[in-house]
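Asks: Counting in full-length UniProt numbering, the sequence shown runs from 1 upward without gaps. For reference, the structure I am asking about is given below.
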Amino acid sequence: MKSYKEYEKKYIGMSDIANLILAGSSDNGLKLAVLHFGMDNDYYAYIVDADAEIGEHYTKVAEFKSWLRIYDDSFLTQEFNANKISVYRAGEMGCIIQLFK
């Protein structure tokens, strides 16, 4: 297993209210979630696969099936497609998006 820190980081948006909006598919249709950060800023996430070793200090905050779209204060910033997508957060700014193909 590779540590999450060995994976690429991608820009996922910016916010003046310290939140991004997650929209994706679930067993019950459309699922919406707020991804809260500790401060207003630009945000990046490690994009990892199913084999990644995720630090214990991370907490799963959302899970989606098939697709996930991320919106910041103004735009759609990222799109992900996978069988299952898990989103993790830690501390003020830490974020991991895990894709299960």
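Here a beta-carbon is modelled for each residue, glycine too, at the ideal position from N, C-alpha and C.
According to DSSP, simplified to helix, strand and coil, what is residue 2?
Replies: Looking at residue 2 - three-state DSSP - the assignment turns out to be coil, as it is neither helix nor strand.
Asks: Could you spell out where the beta strand (DSSP E) holding residue 65 opens and where it closes?
Replies: Taken as a continuous stretch (DSSP letters only), the beta strand (DSSP E) holding residue 65 covers 59-71.
Asks: Leaving aside the five residues before and after residue 34 along the sequence, list all residues of the same chain whose C-beta is less than 6 Å from its C-beta, in chain order.
Replies: Counting only Cβ-Cβ distances below 6 Å, and skipping sequence neighbours, we find 19.
Asks: Please work out which residues of its chain come closer than 7 Å, Cβ to Cβ, to residue 39, disregarding the five sequence neighbours upstream and downstream, and give them in chain order.
Replies: Excluding sequence neighbours, residue 39 sits near 18, 92.
Asks: Expressed to the nearest angstrom, what Euclidean distance is found between the alpha-carbon atoms of residue 2 and residue 53?
Replies: Spanning the two alpha carbons is a distance of roughly 6 Å.
Asks: Within 10 Å of its beta-carbon, does residue 68 have 16 or more other beta-carbons around it, so buried, or fewer, so exposed?
Replies: Result: buried.
Asks: Let's test the definition: count the other Cβ atoms within 10 Å of the Cβ of residue 55 and tell me whether it reaches 16, buried, or not, exposed.
Replies: Residue 55 comes out exposed.
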